[in-house]
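Engineer: Numbering (the working numbering), first residue to last: 5 to 191.
Glycine is no exception: its CB is placed at the ideal position from the N, C-alpha and C atoms.
Here it is, the structure, as structure tokens.
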């Protein structure tokens with residue numbers, strides 16, 4: 005009859021936020037992933053999907069979820085991905101639904117590298133939502149790495165994870181080695 009068969013474009017399993025892939029463990033490596041045929045613009049907690057970096061960006065995002073079981077510094081990287089990635093990490097807004105940006109990156113600060121990396125202080129049991137997107141609609145194979153600092157290694161680095169002190173006088177041992185500055189923290 006001269007007609008050609010219809011082409012079916014398979015979307016990634018974690019294309020939609022509701023189908024986000026759950027990441028487990030203090031450290032991990034997700035290497036069999038893709039954003040090929042991913043879509044965007046869905047509603048997340050009753051709000052439009054955020055533009056992860058650029059306001060006019062075509063969204064080709066896929067979603068992950070990870071929850072730290074202790075407060076510490078966390079790093080997510082898309083190193084070894086095969087396309088120019090955007091990376092954004094969110095939490096859920098307590099006040100009005102929607103997502104609240106924690107950290108985002110387009111291109112790690114190394115000349116010629118087109119992958120992304122974020123480092124921030126995560127709070128114990130605060131669910132994080134990770135979006136991996138493609139710059140200007142780019143798509144390809146995703147390699148997502150995550151690393152959580154060891155428990156007790158600057159575990160009071162973030163203001164919200166500060167150690168409680170009591171009594172009129174006392175002493176406590178600690179270190180500021182590898183401590184980081186929080187957003188809004190005075191210099």
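Kindly give me the distance between the Cβ atoms of residue 138 and residue 57, rounded to whole angstroms, as I take these residues to be in contact under 8 angstroms.
Structural biologist: With a Cβ gap of about 11 angstroms, residue 138 and residue 57 do not count as contacting.
Engineer: Please state whether DSSP places residue 22 in a helix, a strand or coil.
Structural biologist: Under the three-state reduction of DSSP, residue 22 is assigned to helix.
Engineer: Just to confirm, are residue 80 and residue 46 a CB contact at a threshold of 8 angstroms?
Structural biologist: no
Engineer: Along the chain, where does the beta strand (DSSP E) containing residue 103 start, and where does it finish?
Structural biologist: 103-110
Engineer: Using DSSP with H/G/I as helix, E/B as strand and the rest coil, what is residue 74?
Structural biologist: coil
Engineer: Run through DSSP, which three-state label would residue 10 get?
Structural biologist: coil
Engineer: Given 8 angstroms as the limit, is there contact between the segment 29-44 and the segment 98-113, that is, 3 or more CB pairs closer than that?
Structural biologist: no
Engineer: So residue 141 and residue 62 are in contact, right, with Cβ under 8 angstroms, and what is the actual spacing, rounded?
Structural biologist: 4 angstroms
Engineer: Quick check on the burial criterion: 16 or more other C-beta atoms within 10 angstroms. Buried or exposed for residue 120?
Structural biologist: buried
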